[in-house]
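Residue numbers (the numbering used here), protein chains in the order written: chain A, 13 to 127; chain B, 53 to 165.
The beta carbon of each residue, even a glycine, is placed where N, CA and C say it ideally should be.
These numbers were taken from a predicted model, which means no experiment stands behind them.
Right, one structure below, let's go through it.
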């Protein structure tokens with residue numbers, strides 16, 4: 013079973029920030045939070061990941077609460093091409109070095125960016 | 053630099069048949085994972101291969117088997133196909149060690165009639 017909970021759908025106006033929440037209250041200390049997205053009929057695309065600290069890359073920002081029980085993915089200026097299903101995933105590492113590890117996907121959040 | 057490639061793109065089989073799906077990982081990657089995605093659902097982990105051995109396995113029956121070759125490419129085999137095996141089969145590759153980012157291929161759409 014997925015270890016995360018996400019709202020099934022969200023809308024966002026084009027050009028505005030999209031804030032996608034995720035609950036992962038049972039996350040363990042060495043488990044990372046990952047975000048992927050899947051545009052219709054394509055393979056999932058990696059967005060960002062984090063352990064404790066907030067992270068930012070060219071696609072998005074990831075805000076993780078201090079207790080690590082929830083996180084928020086922020087797309088700063090959403091475009092129509094950001095319409096997709098967004099998956100928040102807690103990665104189960106194979107060993108203490110975070111090697112290997114399967115991704116356990118939940119249902120995700122279907123984000124619709126509207127003009 | 054080619055990303056993850058999968059073949060075939062689409063496949064139609066009948067119940068009871070066997071199928072083989074193929075995956076070539078991204079250049080420089082040595083770990084391959086397979087996922088099954090039913091319509092309207094998130095991908096489900098089938099198994100992962102590293103150094104030609106199955107390293108992790110999800111909750112799938114023995115009808116699902118795999119193989120990894122010395123060049124790191126991989127095959128997924130499904131025997132005795134059931135209607136419920138109809139899905140998008142995704143291959144993902146990653147590098148050695150922490151392997152934070154898994155790159156997914158476009159998938160193979162399998163339809164079982």
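| Check | Outcome |
| --- | --- |
| Please classify residue 109 (chain B): does DSSP put it in a helix, a strand, or coil? | strand |
| At what residue ranges does the region 38-107 of chain A contain a whole run of the beta strand (DSSP E), taking only runs of 3 or more? | 44-50, 57-62, 73-76, 82-87 and 96-103 |
| Going by DSSP, name the residue or residues bridged to residue 129 (chain B). | B:72 and B:117 |
| Classify residue 23 (chain A) as helix, strand or coil using the three-state DSSP reduction. | strand |
| Are the region 74-92 of chain B and the region 127-134 of chain B in contact at 8 Å, needing three or more beta carbon pairs? | yes |
| Quick check on this structure: which residue in B:83, B:105 and B:135 has the alpha carbon closest to the alpha carbon of residue 164 (chain B)? | B:135 |
| Taking residue 20 (chain A) as the reference, which of A:27, A:33 and A:29 has the closest Cα? | A:33 |
| Would you tell me roughly how many angstroms separate the C-alpha atoms of residue 150 (chain B) and residue 84 (chain B), rounded to the nearest one? | Any answer about residue 150 (chain B) is weak, because its pLDDT of 47 lies below 50 and its placement is not dependable; what the coordinates show is given next. When rounded, the distance between both Cα atoms is 14 Å. |
| Where does residue 99 (chain B) land, buried or exposed, given buried means 16+ other C-beta within 10 angstroms? | buried |
| State yes or no: is the C-beta of residue 145 (chain B) within less than 7 Å of the C-beta of residue 56 (chain B)? | yes |
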